[in-house]
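**Student:**
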């Protein structure tokens with residue numbers, strides 16, 4: 062298991078305690094990560110695990126614009142010929158001592174995951190939903206306002222809240238300093254996936270970006286991402302060819318596994334047998350940045 066996988070494992074364990082765990086992201090990501098244990102695999106979200114679709118987090122004063130940048134899945138989806146990838150969320154930890162491992166977006170959700178010294182993790186989640194009762198009315202401004210230095214939640218506007226947590230032993234003062242470094246600059250990761258053709262009637266409901274991998278889940282609607290994953294969905298994973306998996310379990314809701322090698326990367330795509338042709342067309346539409 063790599064350092065990155067171990068950091069994710071720790072964060073996933075904490076996430077199980079989340080006050081609002083409707084983790085669509087976790088459904089997709091868990092599938093990919095399950096494959097990784099055999100040869101590599103998962104963030105659907107995962108946040109991809111970590112997470113639940115096509116949605117980035119915008120600055121509070123920025124109105125929703127396109128499906129790739131809106132905070133919730135747009136009802137009017139782009140035509141199949143249009144190439145779409147979600148934008149990075151407008152939130153990040155602006156501290157160079159922490160390395161960004163990956164970010165993930167889904168409808169009403171964005172998550173960023175950082176690592177430090179190969180043993181500590183720091184995670185930021187932005188959710189559009191009713192904030193938990195334990196969340197502060199605003200971002201803490203003094204150490205005395207932080208009850209648990211390793212897990213802090215606060216309201217960031219109507220129907221929007223942020224959760225910052227870490228596995229690193231920190232004092233309330235140290236956590237306050239980290240919270241002060243959470244800004245609105247979108248994270249930057251040079252991940253391999255550049256573009257693809259989204260099939261008609263499908264939405265990108267989960268997207269994750271890592272330095273050497275991307276996870277993408279497409280479904281007819283966000284509700285189709287609930288566990289178990291709807292058979293009408295498509296689950297894509299882009300990674301170095303050395304990490305590609307051999308297939309999926311016959312019991313998987315998306316039992317058909319197809320793949321394509323493009324340069325040094327393998328694009329893996331899972332779907333139902335009924336969507337074999339559509340999956341092949343989707344697979345062949347993928348373009349990479351390198």
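Residue numbers (our numbering): 62 to 351. Where a beta carbon is used, it is the ideal one built from N, C-alpha and C, also for glycine.
What does DSSP give as the partner residue(s) for residue 164 in the beta ladder?
**Tutor:** Stepping through the chain shown from its first residue, residue 164 is reached at position 103. 173 and 270.
**Student:** What residues in its chain sit with their C-beta under 6 Å from that of residue 289, if we drop five residues either side in the sequence?
**Tutor:** Indexing the chain shown from 1 puts residue 289 at position 228. Correct list, in chain order: 314.
**Student:** Tell me the rounded alpha-carbon separation between residue 259 and residue 265.
**Tutor:** Along the chain shown, read from residue 1 onward, the residue named residue 259 stands at position 198. Along the chain shown, read from residue 1 onward, the residue named residue 265 stands at position 204. Distance between the alpha carbons of residue 259 and residue 265 is about 8 Å.
**Student:** Drop a sphere of 10 angstroms on the beta-carbon of residue 351, count the other beta-carbons inside from all chains shown, and report buried for 16 or more, exposed for fewer.
**Tutor:** As a position in the chain shown, residue 351 is number 290, starting the count at 1. Looking at its Cβ environment, which holds fewer than 16 other Cβ atoms inside 10 Å, residue 351 is exposed.
**Student:** Counting only runs that start and end within the stretch 226-297, where is the alpha helix (DSSP H) found for 4 or more residues in a row?
**Tutor:** Secondary structure in the stretch 226-297: the alpha helix (DSSP H) runs of 4 residues or longer, each lying completely within the stretch, are 233-240 in chain order.
**Student:** Nearest-angstrom Cα distance between residue 251 and residue 169?
**Tutor:** Within the chain shown, numbered from 1, the residue matching residue 251 stands at position 190. Within the chain shown, numbered from 1, the residue matching residue 169 stands at position 108. Each residue's Cα considered, the two are about 24 Å apart.
**Student:** DSSP puts residue 328 in a beta bridge; with which residues?
**Tutor:** Within the chain shown, the letter at position 267 stands for residue 328. DSSP output for residue 328 lists 299 and 321 as bridge partner(s).
**Student:** Is residue 349 closer than 9 Å to residue 330 when the C-beta atoms are compared?
**Tutor:** As a working mapping, residue 330 is identified with position 269 in the chain shown. As a working mapping, residue 349 is identified with position 288 in the chain shown. Not a contact, by the Cβ cut-off of 9 Å.
**Student:** Would you kindly report the start and end of the unbroken beta strand (DSSP E) that includes residue 216?
**Tutor:** Locating residue 216 in the chain shown gives position 155, where the first residue counts as 1. 212-216 is the span of the beta strand (DSSP E), which, as asked, contains residue 216.
**Student:** Which of the three DSSP states is assigned to residue 185 in this structure?
**Tutor:** In the chain shown, counting from the first residue as 1, residue 185 sits at position 124. If DSSP states are grouped into helix, strand and coil, residue 185 belongs with the strands.
**Student:** On the DSSP bridge list, what partners appear for residue 348?
**Tutor:** Counting from 1 along the chain shown, the entry for residue 348 is found at position 287. DSSP output for residue 348 lists 256 as bridge partner(s).
**Student:** Using 8 Å as the Cβ pair cut-off and three pairs as the minimum, do the stretch 214-232 and the stretch 165-182 touch?
**Tutor:** With a cut-off of 8 Å on Cβ pairs, the stretch 214-232 is in contact with the stretch 165-182, counting three or more such pairs.
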